[in-house]
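Undergrad: First the structure, which I've put down as structure tokens, then a few questions once you've had a look.
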Amino acid sequence: MAKPPISNDIRTLRFLAAEMTQADLGARVGVTRQTIAAIEQGRYSPSLETAFRIARVFAKPLEEVFRWDGG
Amino acid sequence: MAYKEKIAWLTLGSMLVAYGVYFSLLALYFDPAAPDGPRILRMLILFGSVTIVQAIFVAIVAAIIAIGARRAGEDRPDERDRAIARRGTNAAYFVLMTGMILVGVVMPFGDPRWKITNAALLALVIAEATRHTLIIASYRRGWHG
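Chains as they are written, first to last, in UniProt numbering: chain H, 1 to 71; chain V, 1 to 145.
Right, dumping it as structure tokens:
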């Protein structure tokens with residue numbers, strides 16, 4: 001399936017958060033480690049709720065975690 | 001690999017082997033000229049045996065996979081698992097509906113009962129195979145639904 005024009009900085013933010021693991025982040029937002037990996041790799045677009053939860057874990061606004069790369 | 005993807009691989013593989021065996025044996029050894037009673041009984045015994053063996057195999061391996069997933073805290077489906085499951089079920093519904101229209105509307109006009117029964121079973125198998133294949137493909141290649 002075509003990748004949507006959305007990118008994210010979750011990998012970088014995890015690194016800056018003392019190398020938080022995908023499993024830790026997944027547990028904090030209520031998804032599995034595999035889903036966090038899929039989001040990072042652009043293989044899954046999370047729901048708005050999960051996107052907000054992820055941003056909240058890193059104490060960032062949504063637009064600093066997810067970006068729209070389309071025109 | 002996600003827990004639900006493992007289960008999809010397991011179910012798809014075992015189902016294709018089990019019903020591949022069933023339909024192959026049916027094609028090779030089923031005697032259309034034999035009387036209806038014993039013929040249908042043999043068919044039912046074969047179908048029952050294949051289904052029971054497959055069900056036991058899937059239950060044992062799925063339990064082992066579930067134990068590992070539970071230890072890792074990954075046994076509960078999340079939103080991605082649910083979205084992928086919905087995609088598989090939606091596609092399988094149309095496959096099953098097409099099969100059932102053929103079986104229930106077209107075949108009764110000229111086909112014998114044993115053929116109709118097996119065509120219905122084949123439609124179920126194809127629908128399930130479609131569902132699990134789409135689930136696996138969605139985990140492998142991504143799904144944004």
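Built from N, CA and C at the ideal position, the CB exists for glycine as well.
As the structure is a computational prediction, the values presented were derived from the model and not from experiment.
Can you look up PHE66/H in the DSSP assignment and give me helix, strand or coil?
TA: Taking the first sequence and counting its residues from 1, one reaches residue 66/H at position 66. It is a strand residue.
Undergrad: Taking Cβ-Cβ distances shorter than 7 Å, what residues in chain V pair up with residue 73/H?
TA: Beyond the ends of chain H as shown, which are 1 and 71, falls residue 73/H; an answer cannot be given.
Undergrad: Are the CB atoms of PHE66/H and ILE6/H within a distance shorter than 8 Å?
TA: On the first sequence, position 6 is the one that residue 6/H refers to. On the first sequence, position 66 is the one that residue 66/H refers to. A contact, by the Cβ cut-off of 8 Å.
Undergrad: If you reduce the DSSP assignment to three classes, tell me which class SER47/H lands in.
TA: In the first sequence, residue 47/H corresponds to position 47, counting from 1. Coil at SER47/H, not helix or strand.
Undergrad: Tell me where the alpha helix (DSSP H) around GLN54/V begins and ends.
TA: In the second sequence, residue 54/V corresponds to position 54, counting from 1. Per DSSP, GLN54/V belongs to the alpha helix (DSSP H) from 36-71.
Undergrad: Just curious, the alpha helix (DSSP H) that GLN22/H is in, first and last residue?
TA: The count along the first sequence starts at 1 and reaches residue 22/H at position 22. Note, GLN22/H: alpha helix (DSSP H), 22-29.
Undergrad: Around the C-beta of GLY88/V, are 16 or more other C-beta atoms found within 10 angstroms, so that it is buried, or is it exposed?
TA: Here the question's residue 88/V lines up with position 88 in the second sequence. Taking all protein chains shown into account, GLY88/V has 16 or more neighbouring C-beta atoms within 10 Å of its C-beta and is therefore buried.
Undergrad: Quick check: the stretch 55-75 of chain V against the stretch 3-14 of chain V, are there 3 or more CB pairs under 8 Å?
TA: yes
Undergrad: Within the chosen definition, does the stretch 11-31 of chain H reach the stretch 49-64 of chain H through at least 3 CB pairs nearer than 8 Å?
TA: yes
Undergrad: List the residues that DSSP assigns as beta-bridge partners of ASN8/H.
TA: As a first step, residue 8/H must be located in the first sequence, where it is residue number 8. Note: ASN8/H sits in a beta bridge opposite PHE66/H.
Undergrad: Taking the alpha carbon of ARG42/V as the point to measure from, which residue in LEU122/V, THR51/V, ALA59/V and LEU26/V has its own alpha carbon closest?
TA: Looking up residue 42/V in the second sequence gives position 42. For the residues LEU122/V, THR51/V, ALA59/V and LEU26/V, the minimum Cα distance to ARG42/V belongs to LEU26/V.
Undergrad: When you compare the stretch 123-142 of chain V with the stretch 88-99 of chain V, are there three or more beta-carbon pairs, one atom per stretch, that lie closer than 8 Å?
TA: yes
Undergrad: For ALA23/H, collect the residues of the same chain with a Cβ closer than 6 Å to its Cβ; drop the 5 residues on either side in sequence, then sort them by chain order.
TA: Taking the first sequence and counting its residues from 1, one reaches residue 23/H at position 23. The residues are ARG33.
Undergrad: Using 8 Å as the limit for Cβ to Cβ distance, is THR50/H near chain V?
TA: By one-based count along the first sequence, residue 50/H stands at place 50. So yes, THR50/H belongs to the interface.
Undergrad: Within the 8 Å Cβ cut-off, does residue 127/H reach chain V?
TA: Outside the modelled stretch of chain H, which goes from 1 to 71, sits residue 127/H, for which no answer is possible.
Undergrad: How close, in whole Å, do the beta carbons of GLN54/V and SER14/V come, if the pair is a contact with beta carbons under 8 Å?
TA: Taking the second sequence and counting its residues from 1, one reaches residue 54/V at position 54. Taking the second sequence and counting its residues from 1, one reaches residue 14/V at position 14. The Cβ separation is near 5 Å, so the contact holds.
Undergrad: Please identify the residue among LEU13/H, TYR44/H and ASP69/H whose C-alpha is closest to the C-alpha of ALA83/V.
TA: Start at 1 with the first residue of the second sequence, and residue 83/V comes out as number 83. Checking every option, the nearest Cα to that of ALA83/V belongs to TYR44/H.
Undergrad: Tell me the rounded alpha-carbon separation between PRO4/H and LEU134/V.
TA: For the purposes of this step, residue 4/H is taken as residue 4 along the first sequence, with counting starting at 1. For the purposes of this step, residue 134/V is taken as residue 134 along the second sequence, with counting starting at 1. For PRO4/H and LEU134/V, the distance between alpha carbons rounds to 19 Å.
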